[in-house]
Each structure stands twice: as C-alpha cells, then as structure tokens.
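Report on one structure; see the data block that follows.
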Amino acid sequence: MLYTAGFAVLSAALGFFAGYAPWKPEPYPEIAQNEELEELDAEDIPDGELAEIQAGFFEQCKLVLVVRTDLKLGGGDISTHAATLSCYKALARANPRLVSHWERTGQAKIALKAKSEDQLLELEAIAKSLNLCARSIKNPALTNGKGERTVLAIGPAPVPLINEVTGKLRLL
Numbered sequence: 000m001l002y003t004a005g006f007a008v009l010s011a012a013l014g015f016f017a018g019y020a021p022w023k024p025e026p027y028p029e030i031a032q033n034e035e036l037e038e039l040d041a042e043d044i045p046d047g048e049l050a051e052i053q054a055g056f057f058e059q060c061k062l063v064l065v066v067r068t069d070l071k072l073g074g075g076d077i078s079t080h081a082a083t084l085s086c087y088k089a090l091a092r093a094n095p096r097l098v099s100h101w102e103r104t105g106q107a108k109i110a111l112k113a114k115s116e117d118q119l120l121e122l123e124a125i126a127k128s129l130n131l132c133a134r135s136i137k138n139p140a141l142t143n144g145k146g147e148r149t150v151l152a153i154g155p156a157p158v159p160l161i162n163e164v165t166g167k168l169r170l171l
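Position one of the sequence shown corresponds to residue 0 (numbering that gives the first Met the number 0), numbered consecutively onward.
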C-alpha cells in the first residue's frame, strides 16, 4: 500500500512538472505567423504592452464580450465571434503564456451590456491603458451601413483586472 501511494504521488508530480516545463514549445505558432488575417483600423487605439499581463498560478482568467444593446443584436451574431477571435489572435501572438493559462482554467467568456458606441470606445480606451487586449468590431451590415462598432472583446486576462474595466456593467 505504501508503494502504491508513493507511486501515485510520484506520477502526479512528474505529470505536473512535465506540463509546466520551460522547454515546452510555444503554443499556436500558426496564429503568430498568419499576418494577413489581422484587421487594422487607422482610428484604433494603440495597444499597450500585452506581454506584461501575467496571471498567478491558481488565478482565474476570463474574456469579456461587451455587446451594444441599442442595436438589438441577435444572440448568435457573427461579430461576437469575430471580436473573440481578434482578441485571441492578438494575445496569442503577444502573450501566449496568458492564453495557455486561460485555456487551462476553463476559458471563461462573459457577455455584458453596453448602452452605446461611445461606451464601447471608453471601455476600450480604459482596457488598453491597463495593457489589456481589447478589440472592437465594426459590422456595417448590422448598423445600416454606418460602420459602427457592435461588440468589444476584452481579455483574456485575470478576473480582477478585467473587473476594473467592466465591473459596473450588467450581464447580457
């Protein structure tokens, strides 16, 4: 019985350290090399240092989608997915360790309400000033050709940091 317990502890420790080894290859090299998918806009707010954000070992991370309620968007709107993918691609390139941590801790995604495009822009500016990854999506098809922003994705990042930006918003 003593050998079984010792073997179990040894196996768990070996598995843990193999999973967090420093020689582990960088995740998502295909995302980092695929530059043609990146959409840049002249009026975008410049990113901060995305690589500076680090999560503690047991710290939960989340990605927040802030959706404009004044547009009456449907639940399965494609711009939501585009905002998520845009944040994911940018952060996978700049901070792959944080993306891996978010994936290991459950990939939490939260949808919140915003009242207007101005509120989205304000939240994006605050998030980027805190070095968070923030991407807003313009969808002319949903805004009668106006090209207004419809969804803002922030994160993934540690929950307390995201809550500094979006803590007062209501769930969608």
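Where is the CB? At the ideal position from N, CA and C, for every residue including glycine.
From a predicted model like this one, the values you see are computed outputs, not experimental measurements.
Residue i - DSSP class collapsed to helix/strand/coil
i    : result
L64  : strand
A89  : helix
L111 : strand
R169 : coil
T83  : helix
A152 : strand
Q118 : helix
Assigned exposure category for residue i - 16 Cβ within 10 Å defines buried
i    : result
R92  : buried
P157 : buried
T3   : exposed
L160 : buried
V8   : exposed
A124 : exposed
Which residues DSSP lists as bridging residue i, in chain order
i    : result
I125 : I125 pairs with nothing; no bridge assigned.
P157 : C60
I136 : V150
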